[in-house]
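A short write-up of the structure that comes next.
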Amino acid sequence: MLRSVLPLVELEYQGEPVKVDGFRLRDLEAWRTANDTSLVENLGSLSTVCNCHCRFCYEDGNPPGLFEREPPFVSLEEAETRRRYLHDGRGLPRESKGFFEPLANPHFLELLELAREQDPEGLIDVTTNGAGLTEELIDRLATLAPIYVNVSLISSRVDLRRAVMADRLAGQAVRAVELLREREIPFMGTLVPWPDQGLEDVAATLAYLDRHEARFIRVSMPGLSRHHRRYRPGHLDAWLPQVRDRVLAVREDLATPILISPWAHVTSSIDPVVEGVVPASPAAEAGLRVGDRIVEVDGKRVVSRAHAVSLLERAMREGVVRVTLRRGAEDMVAILHEPAAGVDAYPYRPRGYARLDFPGMHFGIVLPGSFRPQYLKQIRAAIEERAAQHTLVLTSHLLHGLVAELCSQVPWPDGADVELLVPENRYFGGDVTVGDLWVLEDVAAAVREYGRSHGAPNLIILPSSFLSRWHRDLLGVPYTELERSLGIPVALVTCERILL
Numbered sequence: 394m395l396r397s398v399l400p401l402v403e404l405e406y407q408g409e410p411v412k413v414d415g416f417r418l419r420d421l422e423a424w425r426t427a428n429d430t431s432l433v434e435n436l437g438s439l440s441t442v443c444n445c446h447c448r449f450c451y452e453d454g455n456p457p458g459l460f461e462r463e464p465p466f467v468s469l470e471e472a473e474t475r476r477r478y479l480h481d482g483r484g485l486p487r488e489s490k491g492f493f494e495p496l497a498n499p500h501f502l503e504l505l506e507l508a509r510e511q512d513p514e515g516l517i518d519v520t521t522n523g524a525g526l527t528e529e530l531i532d533r534l535a536t537l538a539p540i541y542v543n544v545s546l547i548s549s550r551v552d553l554r555r556a557v558m559a560d561r562l563a564g565q566a567v568r569a570v571e572l573l574r575e576r577e578i579p580f581m582g583t584l585v586p587w588p589d590q591g592l593e594d595v596a597a598t599l600a601y602l603d604r605h606e607a608r609f610i611r612v613s614m615p616g617l618s619r620h621h622r623r624y625r626p627g628h629l630d631a632w633l634p635q636v637r638d639r640v641l642a643v644r645e646d647l648a649t650p651i652l653i654s655p656w657a658h659v660t661s662s663i664d665p666v667v668e669g670v671v672p673a674s675p676a677a678e679a680g681l682r683v684g685d686r687i688v689e690v691d692g693k694r695v696v697s698r699a700h701a702v703s704l705l706e707r708a709m710r711e712g713v714v715r716v717t718l719r720r721g722a723e724d725m726v727a728i729l730h731e732p733a734a735g736v737d738a739y740p741y742r743p744r745g746y747a748r749l750d751f752p753g754m755h756f757g758i759v760l761p762g763s764f765r766p767q768y769l770k771q772i773r774a775a776i777e778e779r780a781a782q783h784t785l786v787l788t789s790h791l792l793h794g795l796v797a798e799l800c801s802q803v804p805w806p807d808g809a810d811v812e813l814l815v816p817e818n819r820y821f822g823g824d825v826t827v828g829d830l831w832v833l834e835d836v837a838a839a840v841r842e843y844g845r846s847h848g849a850p851n852l853i854i855l856p857s858s859f860l861s862r863w864h865r866d867l868l869g870v871p872y873t874e875l876e877r878s879l880g881i882p883v884a885l886v887t888c889e890r891i892l893l
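Just add 393 to wherever you are in the sequence shown, counting from 1, and you've got the numbering used here.
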């Protein structure tokens, strides 16, 4: 934020104007804010470099200068400083740098040891492409438990992984999956299916991760910006539906939960339907299945997937929950109990681990993130507050169908006309279909174009999911600039990024 303010002021030293290329925060205690990031991320950006070069890497398609890349690694000195100010749920602000391959940092293990020293019982969460996961390193990671590793495996075939990721140590990463299971380190496997792999390899990689008892598998749908050297208009149009259909077919034969990200590629429904069950979890022990619909949680009627997640999260604090499910035409009741710390429930929770819980996976019930009905209440409240007659709601290409259906069911104030608009993402372009990568200049252009043919609205509803905690877009522009430039009131709807 300070960086965006500096161009607006002129500073001088000894009577001469100076260009400021850095600054120092005098009282770090005053800069501590509420912090909900992972234990390791609180130490800073471990690495802004990568030791692979994936064909689908979004970094290849980023406009120059979008993310800071220097210095390439957080120093031990900075990490130690950040650690000192991390307590009581508050810490120093995260940097605006990208988070790349942490194992590329030569001080990776020392940084993790700092995190463990700071919090002896907190979960250490590591996301890696796997190229640096040697047997020796995995043995060291096991001593830092509780720890959770997200491995971007991409392919279980060494030759394909080497080709798609330019990974010289492809065999090491594939072998790492087996070693993580042997050391009882819970892990998640990630795939980004690329056309060069083919559907058979996608299916084989899912089966490989399932065989070695991954806790969860994420299939991230690829997408390239117009700046990417491999981008060709329409090159993924046929591939993505094929991947979706194959993954959904394969998961019926596997125990490991598999979700496609974003889940809107699969369905626009917000119904509380179980989409996966973590092996060895309370849900698995009770016999829950993919396709079960959650009707009640502890006697409370469930109205949406997000509502079910919220109720299950609350129940996790007690360690027990009563769930009413509908399977076909029949209802059933399941009582789910969290296993004791001394019980081996790998991969749900290995022996000795404290509670290992993630949003949307409480008690082992996997529910993808979704649109929350309370967002509609925020929209209605904004319309009422401003007595708006013509409201324009901004939404993404992926969520347009869902938002349109839900908006059609809302009793809007009398005389209120509510319409949806999907801004064209011109800054990134390409296959980018999520709203989380909007920039405000594209939103402004879309509203102006809409106004020329439909008349200017008198209220714009803007989702907060593409903005930083300072309410700025990726380019550092505050959302209030939209209202200033258009002369139209803007209401911000606070909503979460849909990660799955």
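We put the CB at the ideal spot given by N, CA and C, even for glycine.
A quick note: this is a predicted structure, and the numbers were derived from the prediction, not measured.
Run through DSSP, which three-state label would leucine 860 get? The three-state secondary structure of leucine 860, taken from DSSP, is coil.
With DSSP run on the structure shown, which of helix, strand or coil describes proline 650? In this structure, DSSP gives proline 650 a state outside helix and strand, which the three-state scheme calls coil.
Please state if the CB of leucine 633 and the CB of tyrosine 624 are separated by a distance shorter than 8 Å. In terms of Cβ geometry, tyrosine 624 and leucine 633 do not form a close pair [threshold 8 Å].
Which residues bound the alpha helix (DSSP H) around arginine 623? Per DSSP, arginine 623 belongs to no alpha helix (DSSP H) and is neither H nor E.
Own chain, CB closer than 8 Å to serine 858, minus 5 neighbours either side, in chain order: Only Gly828, Asp829, Cys888, Glu889, Arg890 and Ile891 meet the Cβ criterion.
What is the residue span of the alpha helix (DSSP H) that aspartate 603 lies within? If you look at aspartate 603, you'll find it in the alpha helix (DSSP H) that goes 592-604.
Classify valine 840: buried if its beta carbon has 16 or more other beta carbons within 10 angstroms, exposed otherwise. By the Cβ-count criterion, valine 840 is buried, with 16 or more other Cβ atoms from all chains shown falling within 10 Å of its own Cβ.
Return the residue from the list Arg619, Val595, His628 and Glu874 that minimises the CA-CA distance to valine 612. Nearest of Arg619, Val595, His628 and Glu874 to valine 612, Cα basis: Val595.
Same chain, Cβ closer than 7 Å to glycine 564, neighbours up to 5 away in sequence not counted: Result list for glycine 564: Val551, in chain order.
Nearest to aspartate 691 by alpha carbon, out of Val726, Val667 and Arg845? Closest by alpha carbon: Val726.
Sequence-distant residues of the same chain with beta carbon closer than 8 Å to leucine 893, five excluded per side: Residue confidence for leucine 893 is low, a pLDDT of 43 falling below 50, so the modelled location carries little weight; the figure read from the coordinates is stated next. Exclusion of the five residues before and after leucine 893 leaves Arg611, Leu652, Ser654, Pro655, Trp656, Gly753, Pro761 and Gly762 as the residues of its chain whose Cβ lies within less than 8 Å of its Cβ.
My output table needs one value for aspartate 691: the three-state DSSP class, helix, strand or coil. Looking at aspartate 691 - three-state DSSP - the assignment turns out to be coil, as it is neither helix nor strand.
Sufficient close CB pairs (3 or more, under 8 Å) joining the region 870-887 to the region 775-789: Touching, yes, given that three or more Cβ pairs across the two stretches are closer than 8 Å.
Proline 850 beta carbon less than 8 Å from that of tryptophan 831: Result no, Cβ atoms of tryptophan 831 and proline 850 do not sit closer than 8 Å.
Tell me the start and end of each unbroken alpha helix (DSSP H) in the region 506-562 that is at least 4 residues and wholly inside, in chain order. List check, alpha helix (DSSP H) in window: 528-535 and 551-558.
Is there contact between the region 585-605 and the region 475-494, where contact requires at least three CB pairs shorter than 8 Å? Result no; under three Cβ-Cβ pairs closer than 8 Å.
For the alpha helix (DSSP H) containing serine 703, name the first residue and the last one. Looking at the DSSP string, the run of the alpha helix (DSSP H) that includes serine 703 is 698-709.
Which stretch, first to last residue, makes up the alpha helix (DSSP H) that contains arginine 639? In the DSSP assignment, arginine 639 falls within the unbroken alpha helix (DSSP H) covering 632-643.
If we count the other Cβ atoms within 10 Å of its Cβ and call it buried at 16 or more, is valine 886 buried or exposed? Valine 886 is buried by the Cβ-count criterion.
Determine the contact status of asparagine 522 and glutamate 494, defining contact as a CB-CB distance below 8 Å. For asparagine 522 and glutamate 494, yes; Cβs fall inside 8 Å.
Just to confirm, are leucine 681 and lysine 693 a CB contact at a threshold of 8 Å? In this structure, leucine 681 sits away from lysine 693, with a CB-CB distance that is not shorter than 8 Å.
Just checking, does the region 770-779 make contact with the region 798-813 on the three C-beta pairs under 8 Å criterion? The answer is yes - the region 798-813 touches the region 770-779, with three or more Cβ pairs under 8 Å.
Given leucine 404, which residues of its chain have a CB within under 8 Å of its CB, disregarding the five upstream and five downstream residues? Residues Pro410, Val411 and Val413 of the same chain have their beta carbon placed closer than 8 Å to that of leucine 404, with the five preceding and five following residues left out of the count.
Within-8 Å CB hit, alanine 884 to chain D: Looking at the structure shown, chain D is missing, and only one protein chain is on hand.
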